[in-house]
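Same order as they appear, the protein sequences are chains G and H. If you read the first sequence in my numbering, its first letter stands for residue 1169, the second for the next number, and so on. If you read the second sequence in my numbering, its first letter stands for residue 12, the second for the next number, and so on. Yeah, the Cβ is synthetic: ideal placement off N, Cα and C, and Gly gets one too. Only a predicted model underlies this, so the values are computations on that prediction, with no experimental measurement involved. Right, one structure below, let's go through it.
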Amino acid sequence: MSTSTAPVAEPQAKQQVLRPTQKLAWGSPVTYLIAVVLIAACLGPVLYIIIGGFRTNSQITLDPSGLPSPWVFTNYADVLTSADFWVAMGNSTIAAVATTVGTVALGMMASFVIARYDFGGKGLMYSLFAAGLMFPMTVAITPLYLMVRTLGLTNTLAGIILPQIAFALPVTVIILVPFLRAIPAEIEEAASIDGASRLGFFWRMVLPLSMPGVITVGILAFINSWNNYMLPLFILSDPGTFTLPLGVANFASQYSVDTARVLAFTSLSMIPALIFFSLFEKRIVGGLTGAVKG
Amino acid sequence: MSDSQVLAPEGPSAVGGGSTPPPTARSAGTPRRRGADWRKRAEIAVLTGPAIIVFLTFVIVPVVMAAYYGFFRWKGFGPPTDFAGLQNYVSILTDPTFHDAVRHNFTIVVLSLVIQGPVAILFALLMNQKIRGRSIIRVLIFVPYVISEVIVGTGWALMMSDTGAFNTLLAKIGLGNLEQSWLADPDIALWTLMLILTWKYVGFAVILMLAGLQGIPDELYEAAAIDGASFWQQQFRITLPLLGPTIRIWAFLSMIGALQLFDLVNIIWGQYVAATAGTSTMATYMYLNGHLAGNYGFGSAVAVVLFLISLVVALVYQRLVLRRDTEGALTGASGRKGRKK
Chain G
1169 MSTSTAPVAE PQAKQQVLRP TQKLAWGSPV TYLIAVVLIA ACLGPVLYII IGGFRTNSQI
1229 TLDPSGLPSP WVFTNYADVL TSADFWVAMG NSTIAAVATT VGTVALGMMA SFVIARYDFG
1289 GKGLMYSLFA AGLMFPMTVA ITPLYLMVRT LGLTNTLAGI ILPQIAFALP VTVIILVPFL
1349 RAIPAEIEEA ASIDGASRLG FFWRMVLPLS MPGVITVGIL AFINSWNNYM LPLFILSDPG
1409 TFTLPLGVAN FASQYSVDTA RVLAFTSLSM IPALIFFSLF EKRIVGGLTG AVKG
Chain H
12 MSDSQVLAPE GPSAVGGGST PPPTARSAGT PRRRGADWRK RAEIAVLTGP AIIVFLTFVI
72 VPVVMAAYYG FFRWKGFGPP TDFAGLQNYV SILTDPTFHD AVRHNFTIVV LSLVIQGPVA
132 ILFALLMNQK IRGRSIIRVL IFVPYVISEV IVGTGWALMM SDTGAFNTLL AKIGLGNLEQ
192 SWLADPDIAL WTLMLILTWK YVGFAVILML AGLQGIPDEL YEAAAIDGAS FWQQQFRITL
252 PLLGPTIRIW AFLSMIGALQ LFDLVNIIWG QYVAATAGTS TMATYMYLNG HLAGNYGFGS
312 AVAVVLFLIS LVVALVYQRL VLRRDTEGAL TGASGRKGRK K
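Right, dumping it as structure tokens:
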């Protein structure tokens, strides 16, 4: 949150500290060492998965912790040409995009009303959504499955998209309402003097001004949907509707003997999340810490 | 969880509404104003309607129905008719495998706090030094948190299996006598789970702590340094107390997450092995005995028990610990505070 300002102020400030050289001399090498160890620990298992996909099963059986020799690309090629992978990838993409759009649209509309309309029951509406924080999906999953089944939505992507939107709404409303409330009333007055209706004000002013908040909640909704395992596990049983997490789990149990291909499948399904994360890293970190810490 | 704090900032604006007259006065105004009033109500209905309908249908109604279904022996077909009273709850609370699951959950809660907390604070302190490549380090330690539980579980399960990479690596570096049955041995499996959980979630804790550290003004350290405080004295006297709110919120999230733990256990151990390996949780118990067994009345009752346990933990924590912070961090109030910084 304050990342942009802090580093600028720090260098000068530190020069005034007494005995700065001793502190740096003590701090630097140890710090770097620990950083390297930490990074190695974080990335080791990830690299194991990725590199393992370049080995053959016999290589893995003979020496599970070795490097590929020679490097083989057939595992990755097999997975990339298999229908299972692309079906799951397509389903995950559809579910994540629809969840994100739905969450942002519904959350934005509701937050706009809560933040900028005056009416009785406004506080009640806010606490209704806030109360949703008390019910993580794990608690509601069994009856949620029954509800989805009653609506005839099992084995459809809508059956996971709608609940995902519903469970993303509490966080969305809690993040967006303060954002929308912070837009000065003067802007709204100026817009209405210029002839904009309340909805015109919403489209022309509110949406652009609250973009940072919108992007944050959108990213949270996308990642949660992309990684969601429990809900698809309950709702989807037809492999044609599987999302990537289910696809990975299914592939891993189906081809449990073919370790190399499982590793290739796993690392390929990791790539979209990693690309998405590297694109939006600042927003994700800022959003999570902002949403949580304040 | 934080109802009272959530309501607090809302109260005045919703009821008093300082600048505007109360609704009754407005509706009795001129015809033109009444028209505007109807238009406003229509806008409110159209804008909030979809969100409220989706939210009620998929969050609130299922939760309420769980409380209802929990009193029935019910296989999930047709309306529940076989009223069982508290029988489901009695069965759950007297089932030794459920006791095991609860014990595992609480062990994980405590170990997560004890292991991840100090590790995260230590790493955050070191990462907060001015070193090159700080931003790239931040990205990399966050990678495990972004990867889905399924991928983490699949990869780790392969690594930690009896003939997996971890055991052979130990043998290679001459620690062959440390080889263990990491996943199957009931004495060890829970610790393996803790290792994986720490790996997956410590990055998140570090990022939180780093954000907290950046909120601490540099002047305090300068003043302390002038007064002759050593590096560690500064950390214990300045950093830790001022990091308090961040630590307390992280601990809260960690506890609730540990109580709801499902994905990793289900992926690595599967629903049937978890109990014998000593890593079953309340959620895997619910999945096995409710969903897979088709006993939806019973499964709903487990959900209610899981919810009540989480709620009690949350309320007790809120009472004893979080109340010390002037503003609850899960509420809108802190959202405003956060942006002002």
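Query: Residue range of the alpha helix (DSSP H) that includes G:Trp1371; Result: Where G:Trp1371 is concerned, there is no enclosing alpha helix (DSSP H), given that its DSSP letter is neither H nor E.
Query: Same chain, Cβ closer than 7 Å to H:Phe109, neighbours up to 5 away in sequence not counted; Result: Ile103 and Tyr296
Query: Cβ contact (3+ pairs, closer than 8 Å) linking the stretch 1307-1319 of chain G and the stretch 300-311 of chain H; Result: yes
Query: Residues that H:Arg84 bridges to, as DSSP identifies them; Result: H:Asp93
Query: Three-pair Cβ contact test at 8 Å for the stretch 216-228 of chain H versus the stretch 248-265 of chain H; Result: yes
Query: C-alpha gap between H:Thr92 and G:Arg1223, whole angstroms; Result: 57 Å
Query: Chain H contact for G:Ser1437 (CB, 8 Å cutoff); Result: yes
Query: Where G:Asp1231 meets chain H, residues with beta-carbon distance less than 7 Å; Result: Thr179
Query: Members of the stretch 125-137 of chain H near chain G, C-beta cut-off 7 Å; Result: Phe134 and Leu137
Query: Identity of the residue in H:Leu317, H:Ala95 and H:Ile278 nearest H:Ile207 by Cα; Result: H:Ile278
Query: Proximal residues to H:Leu275 (C-beta, below 6 Å), its chain only, five neighbours per side dropped; Result: Glu160 and Gly164
Query: Partner residues on chain H for G:Leu1274, Cβ-Cβ distance less than 8 Å; Result: Pro61, Ala62 and Val65
Query: Given H:Pro197 as reference, the closest of H:Val213, H:Leu122, H:Ser146 and H:His115 once Cα atoms are compared; Result: H:His115
Query: Residue environment, G:Ile1249, which counts as buried when at least 16 other CB atoms sit within 10 Å; Result: In the sequence on display, residue 1249 of chain G carries Thr and not Ile. Looking at its Cβ environment, which holds fewer than 16 other Cβ atoms inside 10 Å, G:Thr1249 is exposed.
Query: Where the alpha helix (DSSP H) through G:Asp1252 begins and ends; Result: Ala1251 to Arg1284
Query: Contact list for G:Gly1300 against chain H, beta-carbon separation under 9 Å; Result: Phe66, Val70 and Ile71
Query: Helix, strand or coil at H:Ala304 [DSSP, three-state]; Result: coil
Query: Beta-carbon proximity of H:Ala288 to H:Leu194, cut-off 8 Å; Result: yes
Query: Contact with chain G by H:Phe318, beta-carbon distance below 8 Å; Result: yes
Query: Exposed unless 16 or more other CB atoms sit within 10 angstroms - verdict on G:Leu1367; Result: exposed
Query: Exposure label - G:Lys1290; buried when at least 16 CB within 10 Å; Result: buried
Query: Inter-stretch contact at 8 Å, needing at least 3 Cβ pairs: the stretch 1325-1336 of chain G / the stretch 1346-1361 of chain G; Result: no
Query: Contact set for G:Gly1327: own chain, Cβ-Cβ below 7 Å, skip 5 residues either direction; Result: Val1316, Leu1321 and Ile1403
Query: Limits of the unbroken alpha helix (DSSP H) element including H:Pro107; Result: Pro107 to Met138
Query: Stretch pair the stretch 1411-1422 of chain G + the stretch 1254-1268 of chain G: three plus CB contacts closer than 8 Å; Result: yes
Query: Runs of alpha helix (DSSP H) wholly within the stretch 1336-1402 of chain G (minimum 4 residues, chain order); Result: 1353-1361, 1366-1369 and 1379-1395
Query: C-alpha gap between G:Thr1306 and H:Gln127, whole angstroms; Result: 23 Å
Query: Classification of H:Gly301 by the beta-carbon crowding that lies within 10 angstroms, buried from 16 upward; Result: buried
Query: Partner residues on chain H for G:Pro1413, Cβ-Cβ distance less than 7 Å; Result: Ser159 and Val161
Query: As assigned by DSSP and simplified to three states, the class of H:Asp229; Result: helix
Query: G:Met1302 - containing alpha helix (DSSP H), residue span; Result: No alpha helix (DSSP H) contains G:Met1302, which DSSP labels as neither H nor E.
Query: Under the three-state DSSP convention, the category G:Ser1446 falls into; Result: helix
Query: Members of the stretch 283-313 of chain H near chain G, C-beta cut-off 7 Å; Result: Ala294, Met297, Gly301, His302, Tyr307, Gly310 and Ser311
Query: Short-range partners of chain G found in the stretch 106-126 of chain H, where Cβ spacing is below 7 Å; Result: none
Query: Coil, strand or helix - H:Thr203 by DSSP; Result: helix
Query: Segment contact, 8 Å Cβ cut-off, at least three pairs: the stretch 1203-1218 of chain G with the stretch 141-158 of chain H; Result: yes
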